[in-house]
Every structure is written in structure tokens, then in C-alpha cells.
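Trainee: For my numbering, add 1 to where a residue sits in the sequence shown, where the first one is 1.
Dropping the structure in here first, questions after.
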Amino acid sequence: KHPEQQYIQFDTSNVLFIVGGTFVGLEDIIRRRLGKTRIGFGGSEDSNQRHFTDAKAEREWLQAQVTNEDVVEYGLIPELVGRLPVISPLMPLSLDALVEILTKPKNALVRQYQHLFSLEGAKLSFTDDALYALAEKASKRATGARALRAVIEEAMIDLMYDLPDLDNDGVEYVVDKSHIESPRKLEELRRNKANSA
Numbered sequence: 002k003h004p005e006q007q008y009i010q011f012d013t014s015n016v017l018f019i020v021g022g023t024f025v026g027l028e029d030i031i032r033r034r035l036g037k038t039r040i041g042f043g044g045s046e047d048s049n050q051r052h053f054t055d056a057k058a059e060r061e062w063l064q065a066q067v068t069n070e071d072v073v074e075y076g077l078i079p080e081l082v083g084r085l086p087v088i089s090p091l092m093p094l095s096l097d098a099l100v101e102i103l104t105k106p107k108n109a110l111v112r113q114y115q116h117l118f119s120l121e122g123a124k125l126s127f128t129d130d131a132l133y134a135l136a137e138k139a140s141k142r143a144t145g146a147r148a149l150r151a152v153i154e155e156a157m158i159d160l161m162y163d164l165p166d167l168d169n170d171g172v173e174y175v176v177d178k179s180h181i182e183s184p185r186k187l188e189e190l191r192r193n194k195a196n197s198a
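Below is the structure:
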């Protein structure tokens, strides 16, 4: 709101508010509340604590134990937390989910690049291995689906630069896993000209 304008009242009784974020260190607060001293195999545990085979399983269990008090201790103000009646921890996306995000939506990243190639008269396709390699790289960045744009851009930027300089009429380019791991020249991804009829 601009300081010289009037306040506008807005009825929020039928508005659904969703708040999301990454809360680094929240597990430590939950662990402290539950009386745990450390993640891993060597920590001391009492009768109320569970034994975990790996740190990931323990982290997921801890996140499922989150309470409003933990979030307040983390630093959110109680007035805000009081207006958020449900806290639902979300687990990292699987590789399959990341591949679906790359390919399924109407304006998926893969489809965007395919459209850009079609503007130059070429066809673009990705092998399944390439899609999973992109998903794996994105997963390692630990930022969920947000990393997908960056990793596909890294794989495609030089190809997009070289594309207008080639005769692309009816040509198909196939991006495979080896290109994702170590980018190659666009000409190396070229397949035989498609049948023109």
C-alpha cells in the first residue's frame, strides 16, 4: 500500500493461504525437543526414540514430528503461525517426479525447447536416459524442481546458439545421456533427415 492511499479492507474468511519454504535447521529444533542429541548411528537414545538405518529416514521422521512451537522457535512470529492451522512437511521429489515435471505439463521445459527447435525447422527429442540424467543433476542441487531450468539450460545453451547457423530442414537432433554429462556439438546430435512428404 502506498502511504498516501486509503487502506482497503479485504475479507479473508474464504481465502486459503499456503506458506512454503525450506527451513534449514528445523530438524535440530525438533530433535532437541524430542531429546535426541545427534543424527546417525552412534548417538545415545532413550526408550522413546527410534532407531534409523540412515540419516534420510531419520530426517523424514523428524520432519513429520514438527509442531507450531518448533516453527515459532525457528523464528516465525506466533501471530503468523497461529493463522496456519496445518503444517505438512514435504519430502524431496523423486527422479520420476522431476522427469514428469520436465515433460508432462502443457508448457514443460522439454516442450519449450522442442518448440524453439521447430522454429528453425528442426525436430528435437530427448532419450529417457537424458531426461533422468537431467533429473539427477537437478536432484543433487537440493532445490526441488527449481533446479530443472538451470540444468536443462546448461545442456542446451550452446546448442541453441549454434542452431540457426545450420541447415535444419527436416533434421532431428537427439539429446542423450552422454550430452547431459559432457555437452557435445550440435552436429554430433544430428540424426538422418526425416522423410519430407
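For each residue, glycine too, the CB sits at the ideal point set by N, CA and C.
What beta strand (DSSP E) runs, 3 residues minimum, are completely inside the region 157-194?
Mentor: Whole beta strand (DSSP E) segments, 3+ residues: 173-176.
Trainee: Under the rule that 16 or more other beta-carbon atoms within 10 Å means buried, what is residue 133, buried or exposed?
Mentor: For this step, residue 133 is matched to residue 132 along the sequence shown. So residue 133 ends up on the buried side.
Trainee: Considering only residues of the same chain and omitting the five flanking positions on each side of residue 18, which have a CB-CB separation below 8 Å?
Mentor: Residue 18 sits at position 17 when you count from the first residue of the sequence shown. Within the same chain, residue 18 has close Cβ partners 84 and 85.
Trainee: What separation, rounded to the nearest whole angstrom, lies between the Cα atoms of residue 109 and residue 35?
Mentor: Working through the sequence shown from its first residue, we reach residue 109 at position 108. Working through the sequence shown from its first residue, we reach residue 35 at position 34. Looking at the two C-alpha atoms, the distance is approximately 42 Å.
Trainee: Report yes or no: do three or more beta-carbon pairs, one from the region 11-29 and one from the region 69-77, lie closer than 8 Å?
Mentor: Short answer: they touch.
Trainee: Which whole-angstrom value describes the C-beta separation of residue 148 and residue 139, a residue pair presumed to lie in contact below a C-beta threshold of 8 Å?
Mentor: As a position in the sequence shown, residue 148 is number 147, starting the count at 1. As a position in the sequence shown, residue 139 is number 138, starting the count at 1. Residue 148 to residue 139, Cβ: 4 Å. Contact.
Trainee: Take the Cβ of residue 190 as the centre, count every other Cβ of all protein chains shown within 10 Å, and call the residue buried at 16 or more, exposed below.
Mentor: As a position in the sequence shown, residue 190 is number 189, starting the count at 1. So residue 190 counts as buried.
Trainee: One question on the structure: do residue 128 and residue 55 come within less than 8 Å of each other, judged by their Cβ atoms?
Mentor: For the purposes of this step, residue 128 is identified with residue 127 of the sequence shown, where counting begins at 1. For the purposes of this step, residue 55 is identified with residue 54 of the sequence shown, where counting begins at 1. Contact flag unset, no.
Trainee: From what residue to what residue does the alpha helix (DSSP H) around residue 127 run?
Mentor: In the sequence shown, residue 127 corresponds to position 126, counting from 1. From DSSP, residue 127 is part of no alpha helix (DSSP H) but of the beta strand (DSSP E) over 124-127.
Trainee: Let me check understanding here. Comparing Cα to Cα, which of 59, 64, 60 and 121 lies closest to residue 162?
Mentor: Taking the first residue of the sequence shown as position 1, residue 162 is located at position 161. With distances taken between Cα atoms, residue 162 lies closest to 121.
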